[in-house]
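All residue numbers for the sequence shown refer to full-length UniProt numbering, where the first residue is 1 and numbers rise by one.
We put the CB at the ideal spot given by N, CA and C, even for glycine.
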Amino acid sequence: MATKIFETMSRLGLGLAVAGGIVNSVVYTVDAGHKAVIFDRFRGVQDVVVGEGSHFLIPWVQKPVIFDCRSRPRNIPVVTGSKDLQNVDITLRILFRPVAAQLPWIYTTVGEDYDERVLPSITTETLKSVVARFDAGELITYLPTLVQPAQK
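1) Identify, in the order they occur along the chain, each residue of the same chain with its Cβ nearer than 6 Å to the Cβ of Tyr114, setting aside the five sequence neighbours on each side.
2) Considering Cα atoms alone, identify which of Thr29, Val49, Phe67 is closest to His55.
3) Can you check DSSP and say which residues form a bridge with Thr80?
4) Take Arg117 and list the residues in its own chain whose beta-carbon comes closer than 8 Å to its own, dropping the five residues that flank it on each side.
5) Determine the direct distance from the alpha carbon of Ile38 to that of Leu143, and round the result to whole angstroms.
6) Would you mind giving the Cβ-Cβ distance between Leu103 and Lys35, rounded to the nearest angstrom? I have them listed as a contact below 8 Å.
7) Could you spell out where the beta strand (DSSP E) holding Lys49 opens and where it closes?
8) Quick check on this structure: which residue in Gly81, Ile66, Ala100 has the alpha carbon closest to the alpha carbon of Gly137?
9) Under the assumption that Arg72 contacts Leu57 (Cβ atoms under 8 Å), give the Cβ distance between them as a whole number of angstroms.
10) Determine the contact status of Val49 and Ala100, defining contact as a CB-CB distance below 7 Å.
11) DSSP three-state call for Val99: helix, strand or coil?
12) In three-state terms, what does DSSP make of Gly111?
13) CA-CA distance, Ala132 and Lys83?
14) Closest to Arg70 by CA distance: which of Gly53, Gln62, Asp47, Arg97 is it?
Following this line, the structure appears as structure tokens:
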């Protein structure tokens, strides 16, 4: 009698484990402040951006790529020249986040590590163009005023 109960329990446990594995591969969760783009093995990256919550997908055919859409800081050190050809060592702190509607395009053209590829070059060139307009003395004196052209 005890062996029949044990066999029934083991079959039930195995069935629950298989069902749990199937549900786990079909459902994915997008956390708060994140968005997802679906990569389909047959159709490529879909144009739909998926918001927060639990969602279904086709296992082994679709894969969610999750992006953090919250504002994140990044410090970028830059050595550049001023108007009077003095070397200026500046660390630029920027806050960035991706535009949610552009996530499929970002994933297809740049990839998941878009911030590592794009931000250093853009911020360095922008900062160099702003700093090159001023002398070293003006940079120290008018630092709050210099921030405004860089924000545009």
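Let's see:
1) Ile106
2) Thr29
3) Val88
4) Val110, Gly111
5) 44 Å
6) 6 Å
7) Before going on, a small fix: residue 49 reads as Val here, not Lys. Residues 44 to 50.
8) Gly81
9) Between Leu57 and Arg72 the Cβ distance is about 26 Å, and since that is not below 8 Å, they are no contact.
10) yes
11) coil
12) coil
13) 5 Å
14) Arg97
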